[in-house]
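Asks: The sequence shown begins at 88 in the numbering used here and counts up one residue at a time.
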Amino acid sequence: MESASLKAELEANLEYMIEEKLVNECYLDVGSLQSPACSNIFDQSLSDAYEESVELMNKLNELFSNNADLDYPEIEDAASKLHMCMARIGSEKMSHAATVLRHFAWLSNKERCLNAFAEVRQKYNTLQSDLERVVELFDLIMKAEAEGK
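Written out as structure tokens, the structure reads:
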């Protein structure tokens, strides 16, 4: 596939993600992909956020797997890290959901923690699939441009 059509798809995906407040609008400057330095920063920041978020969600899933005995300090710590990870890429919805989870863990409120985690998981599932596609498109663009397409 040619890089121009890949860039158009990438831009459309990013516009949607920005509109849904899943990422910051600074990622919309697809034209900056012409610069290797900018493209590396773009790829690295989203890739890093994606990888870190996967680790944190795995940790939260593990922490919530035992509903009988929630480890509130660990949940609070993981939610705080998830909030920071999502804030770095401007994901307002995920960042807010993680903050709510952190707050209810701080209060040691089991029912609200469970509800907040369900919200985090729902928002994360949406973000995860979108981020995976954006990172994939970015890699395809770099390959197409390296091949001169």
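For every residue, glycine included, the Cβ atom is placed at its ideal position computed from N, Cα and C.
Nothing here was measured: the structure is a model prediction, and the numbers come from that model.
Take I105 as the anchor and find which of A166, M181, I228, V141 has the nearest alpha-carbon.
Replies: I105 has its Cα closest to that of M181, out of A166, M181, I228, V141.
Asks: Can you tell me where the alpha helix (DSSP H) with N212 in it begins and where it stops?
Replies: Unbroken alpha helix (DSSP H) run through N212: 197 to 233.
Asks: Name the residue from G235, A99, D217, D158 whose alpha carbon lies nearest to the alpha carbon of S195.
Replies: Comparing Cα-Cα distances from S195 to each of G235, A99, D217, D158, the minimum goes to D158.
Asks: So, L169 versus S140, is the Cβ gap smaller than 9 Å?
Replies: Result yes, Cβ atoms of L169 and S140 sit closer than 9 Å.
Asks: In whole angstroms, give me the CA-to-CA distance for S92 and D217.
Replies: If I take the Cα positions, the gap works out to 18 Å.
Asks: From A205 to A174, what distance separates their C-alpha atoms?
Replies: If you take the alpha carbons of A205 and A174, they lie about 19 Å apart.
Asks: I'd like the span of the alpha helix (DSSP H) that includes S92, first residue to last.
Replies: That run of the alpha helix (DSSP H) goes 90 to 106.
Asks: May I have the straight-line CA-CA distance separating E89 from R220, to the nearest angstrom?
Replies: Going by the C-alpha atoms only, they are around 17 Å apart.
Asks: Would you call the CB atoms of R189 and I162 closer than 9 Å?
Replies: Yes.
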